[in-house]
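Below you'll find the structure, written out as structure tokens, and then a few comments.
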Amino acid sequence: MSPSNPNLPSPGHFGDRVLAWVIDWVPLAGLTGVLVSIDLQWLWLLLPAHWAYHVISLASEKRATPGKQVMHLQVVDANGQALGIGRASLRWVAGGVSWALLGLGFLLARANPRGQAMHDLLADTEVRSTRVAAAATIDLARPWGVWHWAGFLFAAVAAMYSIVIAIAAIPVYHNYRTRAGFDALFEATRPALRVAEKAMDKAQCADGIRHASHAWMQAITVGGNFPDCWVEVKLNFHPDMPEDAWGGHLLWTADLSSYPSPGALRCEADFSVIGLSEHCNGNP
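Heads up, the sequence shown is in our numbering, so the first residue is 16 and it goes up one at a time.
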């Protein structure tokens, strides 16, 4: 059906709202990637960033997030007025209820003439189209059939499971990066270990500071008095490193009981993190 007054804005089309949501997630997804690349401990910043992005946008003169602006949508109260920070925040919090129901709360936008999803009902807000009202029609004029509902429900559940899997994959990816970092660090340590072992072949210890060729290293030092030879690596405070390893030390000492077989230099560490035990069996 057409609106009784063609000069009044009609409820926003459901498809436009979905596209607006996708557009709004692009910068937030980018921020997620940046925070994950820095350190998982900073992921909490997503919460205030998400709040600021949505609430400040809706409380502004535009009455819309960038995604909604692109799709010609506005969020207003029941009287068609702009939202204040308080009501915009309430709508943002209520959005969590819709997500908690595996996205089913959003389907309510298809079931009432004002196009209100659950968070709109809880905050008493509406999403309206800013397109030419004369060309707009209320979305209920084209109700979904059973297969439309089944398809959307499947997509909503699939999206939620995808989010859960992505969240679960974050620590796996973090562990992978940590292991890869230590693999590269120990590979960069090999030249100093070879220098120490060659000196031990001559019944003496190498001496001096070697070039630290890895970003996680601060310094490599070799020294000792034969047979008590050692190689020490002092670690840096690099953002890609686990915090427990910041400023830590790796120490290789001579194990003459197995010399000159592999393992003549035994590694110990003053910290313990994932990926270390594969290279340094003497870690605590």
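Where a beta carbon is used, it is the ideal one built from N, C-alpha and C, also for glycine.
With the rule of 3 Cβ pairs closer than 8 angstroms, the segment 25–34 does not count as touching the segment 46–53. Every unbroken stretch of the alpha helix (DSSP H) spanning 4 or more residues and falling wholly within the segment 47–76 is given here in chain order: 61–66.
Inter-residue distance for Glu-202 and Gly-82 is about 47 angstroms (C-alpha atoms, whole angstroms). Ranked by Cα distance from Pro-254, the options Gly-262, Gly-130, Val-248 are led by Gly-262. For Met-133, the enclosing alpha helix (DSSP H) starts and ends at 133–138.
Thr-145 and Phe-197 have their C-alpha atoms some 55 angstroms from each other.
About 31 angstroms separates the Cβ atoms of His-226 and Leu-55, ruling out a contact at the 8 angstroms cut-off. Under the 10 Å beta carbon count, Leu-291 is surrounded by 16 or more other beta carbons and is classified as buried. DSSP, reduced to helix, strand and coil, places Thr-268 within a strand of the structure shown. In the DSSP assignment, Thr-236 forms a beta bridge with Ile-224, Glu-247.
When C-alpha distances from Arg-125 are compared across Asn-251, Gln-96, His-28, the shortest belongs to His-28.
Ranked by how close their Cα comes to the Cα of Gly-111, the residues Gly-95, Ile-100, Met-133 have Met-133 in first place. Put simply, the backbone Cα of Pro-42 is about 14 angstroms away from that of Leu-60.
Sequence-distant partners of Asp-92 (beyond 5 residues in either direction) whose C-beta falls short of 7 angstroms from its own C-beta, in its chain, are Leu-98, Arg-102, Asp-139, Thr-140.
By the C-beta density criterion, Gln-96 is exposed, having fewer than 16 other C-beta atoms within 10 angstroms. 8 angstroms or more divides the Cβ of Gly-239 from the Cβ of Trp-231. With 16 or more other Cβ atoms inside 10 Å of its own Cβ, Phe-121 counts as buried. Cβ atoms of Ala-79 and Leu-73 come within 8 angstroms of each other, at about 7 angstroms. The Cβ neighbour count for Arg-209, taken over all protein chains shown within 10 Å, is under 16; the residue is labelled exposed. Rounded to the nearest whole angstrom, the C-alpha separation of Leu-200 and His-65 is 37 angstroms. Distance from the Cα of Trp-267 is smallest, within the candidate group Gly-223, Ala-211, Ala-234, for Ala-211. The continuous beta strand (DSSP E) containing Val-90 extends over residues 88–92. For the pair Ile-289 and Arg-192, the CB atoms are not nearer than the 8 angstroms cut-off. Around the beta carbon of Asp-135, 16 or more other beta carbons lie within 10 angstroms, which makes this residue buried. For the options Leu-58, Glu-247, Pro-257, the alpha carbon positioned closest to that of Glu-283 is the one of Glu-247. Following the DSSP letters along the chain, one finds Leu-105 inside the alpha helix (DSSP H) bounded by residues 100–115. By the neighbour-count definition (other C-beta atoms within 10 Å, threshold 16), Gly-30 is an exposed residue.
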